[in-house]
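Worksheet: the structure to be examined is printed underneath.
Numbering (my numbering), first residue to last: -3 to 520.
Given below as structure tokens:
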């Protein structure tokens, strides 16, 4: 399998440098085209997928970045899920409700669900998973579960998660991520290492047949009868391959070697639009929920607030959008427009003003920073544009390219003073955004106690969204005034698919740059 995978990778790389002859090799759509495939679902189809997001291991509770979640959604069912628009919907939990005093979150679970190794999914299974997430060595979800003080099994299919006072409002949304992926209690009791082989420990539509970390993942439809979700497991199998280069992924679609992929680099999005008009491949475009921006830490010259403010004022979102040929829509706040935590009347405190930026730099006695970015990604050109803008404001900016697999983890570890990235994503519930980005690994609140007080009040599960919203609006404003993060624009993510793929336009998480393929199928 490894040799076959290597051959396929070489073929894809060859396609990336092929001439325009390949543009006509996609085969064209079947009748009915990309408005909706026609024909019966093919239960013997194998879906071939390429992604820019690496998968480093297959344990839900050992994921170091959200890029690995998509590979797991077809293996492990979650307590809650989201639809293509990011709305929270039921999963293994049919419903959920907070106690009137906010002391617990009660989940009503689906009955009759079994893991592939025969263990039942019930309240005891939920309790075992939460205990595992809170206590296992190396768990990356400990912080997400820290507000759960105990788990009460009310009956076989009702579980109450008792909470620290005034906390836990984010949990229903958190459970739609890897945190809510349920592992068989038999597997947990056995202490099985899931990183390279989860075996039969999931309840999703597929099981793993072969896995090469940061390279490939092969899945086949799970046996043992129908899954609780009739739309899951409609394929005979899925073949994932990690291809970090967007051009290579695009050419894989053009040559017919790939059935489903994504591109967000401007050149590839524009070419994908042309391919879509020519009906060579299907194209579905969404605006990223992620914000492309610049993270900063209070290190070196960036420890001075006026330097961070100068950096913010020196950045021109229009210039960055032009770099992306208009496919990166300027966006200067943390939540998407139209969502309840967003402030529709918000004005960013440091609009593009090169004169103000130069004055701030002079007042600070000069400034020098290093712009870290993931080499070979669409942040590389962005970093170059930012370097030019900062230079015009009198800021010496050095470029620091690092491998894509190191960029985020090493920034979180404190190795870099700044980072150009598109990893800021507003979570389903803003309390999780606070925990992750404001006071978690990214520390965007810079220890501001007023922000802490506002977000603590807003996280009270007894409050309605309407009551929470103005508290978050104040918190977002104070956070951006700290200038630890400069939001720039929302990129466009294009899903590319062949005419036989069903459900490509409805893939959840596409606006995060990842994917949930549980309901994807293919026609004959």
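A virtual CB, placed ideally from N, CA and C, is assigned to each residue, including glycine.
Expected contact under 8 angstroms - CB spacing of residue i and residue j to nearest Å
i: residue 386; j: residue 305; result: Incorrect: roughly 13 angstroms between the Cβ atoms, too far for contact.
i: residue 203; j: residue 215; result: 7 angstroms
i: residue 309; j: residue 353; result: 4 angstroms
i: residue 82; j: residue 424; result: 7 angstroms
i: residue 513; j: residue 422; result: Contact doesn't hold; Cβ gap of about 23 angstroms is too wide.
i: residue 292; j: residue 492; result: About 34 angstroms; that fails the 8 angstroms criterion.
i: residue 119; j: residue 104; result: Residue 119 to residue 104, Cβ: 10 angstroms. No contact.
i: residue 35; j: residue 520; result: 5 angstroms
i: residue 401; j: residue 209; result: Not quite, the Cβ-Cβ distance comes to about 11 angstroms (not below 8 angstroms), so this is no contact.
For residue i: DSSP bridge partner residues
i: residue 420; result: 287
i: residue 74; result: 177
i: residue 203; result: 216
i: residue 280; result: 491
i: residue 259; result: 490
i: residue 245; result: For residue 245, which the question treats as bridged, DSSP gives no partner whatsoever.
i: residue 100; result: 158
i: residue 364; result: 392
i: residue 93; result: 102
i: residue 370; result: 398
i: residue 292; result: 414
i: residue 151; result: 154
i: residue 43; result: 234
i: residue 84; result: 78
i: residue 325; result: 486
i: residue 37; result: 519
i: residue 144; result: 159
i: residue 110; result: 116
Closest by C-alpha distance to residue i, when choosing among the options
i: residue 411; options: 278, 366, 383; result: 366
i: residue 235; options: 473, 44, 37, 489; result: 44
i: residue 393; options: 307, 461, 174, 295; result: 307
i: residue 206; options: 191, 462, 220; result: 191
i: residue 86; options: 57, 171, 117, 150; result: 171
i: residue 379; options: 498, 78, 319, 38; result: 319
i: residue 413; options: 426, 420, 427, 395; result: 395
i: residue 362; options: 401, 296, 321; result: 296
i: residue 359; options: 303, 384, 445, 347; result: 303
i: residue 495; options: 427, 289, 372, 252; result: 252
i: residue 267; options: 244, 466, 288; result: 244
i: residue 364; options: 300, 499, 399, 375; result: 300
i: residue 549; options: 60, 108, 184; result: The structure shown does not extend to residue 549, since the chain spans only -3 to 520, so no value can be given for it.
i: residue 201; options: 80, 37, 515; result: 515
i: residue 476; options: 140, 290, 154, 50; result: 290
DSSP three-state assignment for residue i, whether helix, strand or coil
i: residue 215; result: strand
i: residue 520; result: coil
i: residue 501; result: helix
i: residue 178; result: coil
i: residue 510; result: coil
i: residue 515; result: coil
i: residue 522; result: The shown model of the chain, from -3 to 520, leaves out residue 522, and the question about it has no answer.
i: residue 432; result: helix
i: residue 26; result: Unreliable positioning characterises residue 26 in this predicted model, as indicated by a pLDDT of 31, which lies under 50. The coordinate reading is nonetheless provided below. In the structure shown, residue 26 sits in coil (DSSP, three-state: anything other than H, G, I, E or B).
i: residue 488; result: strand
i: residue 342; result: coil
i: residue 239; result: coil
i: residue 413; result: coil
i: residue 481; result: strand
i: residue 48; result: coil
i: residue 233; result: strand
i: residue 188; result: coil
i: residue 21; result: Legend: pLDDT at residue 21 = 30, less than 50; position of this residue unreliable, value from coordinates given subsequently. Note: residue 21 maps to coil in three-state DSSP.
i: residue 14; result: Residue confidence is low: residue 14 scores 31 on pLDDT, short of 50, so the model does not pin down where it sits. No coordinate-derived value is stated.
i: residue 208; result: strand
i: residue 119; result: helix
i: residue 172; result: coil
i: residue 165; result: coil
i: residue 129; result: helix
i: residue 442; result: coil
i: residue 311; result: coil
Near the ligand MG: residue i beta-carbon under 7 angstroms from a heavy atom
i: residue 465; result: The ligand MG is not part of the structure shown, which contains no ligands of any sort.
*Do the segment 501 to 518 and the segment 273 to 284 touch if we need at least three Cβ pairs shorter than 8 angstroms?*
By the Cβ rule, the segment 501 to 518 counts as touching the segment 273 to 284, because three or more pairs are nearer than 8 angstroms.
*Is there contact here, the segment 184 to 200 with the segment 101 to 115, by at least three beta-carbon pairs under 8 angstroms?*
Yes: at least three Cβ pairs fall under 8 angstroms.
_Measuring CB atoms only, is the segment 322 to 338 touching the segment 473 to 490, in the sense that at least three cross pairs come out at less than 8 angstroms?_
Touching, per the Cβ criterion.
*For the segment 120 to 132 against the segment 92 to 99, are there 3 or more C-beta pairs whose distance is under 8 angstroms?*
Output reads no: the segment 92 to 99 does not touch the segment 120 to 132.
_With three or more C-beta pairs closer than 8 angstroms as the rule, is the segment 157 to 173 touching the segment 443 to 457?_
Touching, yes, given that three or more Cβ pairs across the two stretches are closer than 8 angstroms.
*Would you be able to state if there are at least three C-beta pairs under 8 angstroms between the segment 171 to 184 and the segment 67 to 74?*
Touching, yes.
_Does the segment 474 to 486 come into contact with the segment 434 to 442, if we say contact requires no fewer than three beta-carbon pairs (one atom in each stretch) closer than 8 angstroms?_
Because the criterion of three Cβ pairs below 8 angstroms is met, the segment 474 to 486 and the segment 434 to 442 touch.
*Does the pairing of the segment 137 to 151 with the segment 218 to 230 give three or more beta-carbon distances under 8 angstroms?*
Flag = no, the segment 137 to 151 and the segment 218 to 230 do not touch.
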